[in-house]
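Numbering (the numbering used here), first residue to last: 75 to 283. Since the structure comes first, as structure tokens, the remarks are kept for the end.
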DNA sequence: CTTTGGATCGTCT
DNA sequence: GACGATCCAAAGG
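Next up, the structure:
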């Protein structure tokens with residue numbers, strides 16, 4: 075066995091770091107590729123089961139549509155960064171920046187399947203009654219993992235800020251669920267939301283059959 | 001199960 | 001001054 079190179083978080087048994095080149099592609103293929111990858115945050119681990127692609131300045135639903143601002147600056151950075159934004163006056167949401175630097179492509183993490191650190195997740199989300207309520211929404215998973223604005227710009231490849239992506243060999247679904255993105259008012263005709271079919275942690279809002 | 005409305009504040013018009 | 005890449009509790013079926 076070749077030991078994996080060490081990164082800034084302790085990876086679960088059998089999981090390896092990801093390489094940055096995996097994220098240096100458009101947000102549509104990267105979104106599908108991210109399904110079933112792991113998010114590692116201290117002892118808390120979740121498997122990505124639902125995502126949405128955003129396509130920078132070409133995408134009317136993207137925060138980057140009207141160009142770079144202090145808020146969205148991380149989206150314009152290199153692939154592998156975490157873009158964290160504050161919304162509705164009280165919630166944080168997290169994206170994986172992908173594509174080439176300056177393109178502002180990103181993939182919104184919409185739901186995780188809890189894998190480890192469930193007690194910590196529950197403590198961070200007292201209102202969750204069932205296990206599938208811990209991470210079945212973009213702001214819920216940030217609460218469960220303790221992701222806040224201080225992690226905006228964190229490098230998910232090196233894990234230097236205490237959060238990283240990892241791959242334990244579970245492949246993305248051959249045929250993901252595909253449907254329109256949630257909670258947007260422009261670009262609603264585009265089917266840029268992807269999920270792991272049948273996973274109980276997929277967010278329940280607008281489901282396409 | 002579904003629908004509805006309130007909470008709450010940074011960002012950009 | 002309006003509007004969110006949301007969540008939750010409450011009320012109705």
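Each residue gets a CB set at the ideal place from its N, CA and C atoms; glycine is no exception.
Query	Result
Cα-Cα, which of 162, 106, 95 is closest to residue 153?	95
For residue 107, name the three-state secondary structure that DSSP assigns.	helix
With a 10 Å radius around its C-beta and 16 neighbouring C-beta atoms as the bar for buried, classify residue 125 as buried or exposed.	buried
If distances are taken between C-alpha atoms only, which option among 220, 273, 155 comes closest to residue 119?	220
Let me make sure I understand the geometry here. Which of 93, 143, 79, 117 has the alpha-carbon closest to that of residue 218?	117
Could you give the distance in angstroms between the alpha-carbon of residue 283 and the alpha-carbon of residue 257?	Because the pLDDT at residue 283 is just 37, under 50, the model does not fix this residue reliably, and the point stays unresolved.
Count the CB pairs spanning the stretch 104 to 114 and the stretch 82 to 90 that are closer than 8 Å, and state whether there are at least three.	yes
For the alpha helix (DSSP H) that contains residue 216, what are its first and last residues?	212 to 219
Taking contact to mean at least 3 C-beta pairs separated by less than 8 Å, is the stretch 248 to 255 in contact with the stretch 263 to 275?	yes
At what residues does the beta strand (DSSP E) containing residue 197 begin and finish?	Premise fails: residue 197 lies in the alpha helix (DSSP H), 192 to 198, not in any beta strand (DSSP E).
Taking the beta strand (DSSP E) that residue 158 belongs to, which residues open and close that run?	156 to 161
Is the Cβ-Cβ distance between residue 233 and residue 93 less than 7 Å?	no
Indicate whether residue 156 and residue 225 have their beta-carbon atoms separated by less than 7 Å.	yes
Taking residue 180 as the reference, which of 160, 99, 188 has the closest Cα?	99
Classify residue 149: buried if its beta carbon has 16 or more other beta carbons within 10 angstroms, exposed otherwise.	buried
Excluding the 5 residues preceding and the 5 following residue 286 in the sequence, name in chain order all residues of the same chain whose CB lies nearer than 6 Å to its CB.	Outside the displayed range of the chain (75 to 283) lies residue 286, so it cannot be described from this structure.
Roughly how many angstroms separate the alpha carbons of residue 193 and residue 199, rounded to a whole number?	10 Å
Please report the residue range of the beta strand (DSSP E) in which residue 112 lies.	112 to 115
Rounded to whole angstroms, what's the CA-CA distance from residue 212 to residue 183? Just pull it up for me.	6 Å
Cα-Cα, which of 202, 135, 214 is closest to residue 185?	214
For residue 122, tell me which candidate among 210, 97, 261, 158 has the shortest Cα-Cα distance.	210
Can you check whether the CB of residue 141 is closer than 7 Å to the CB of residue 171?	no
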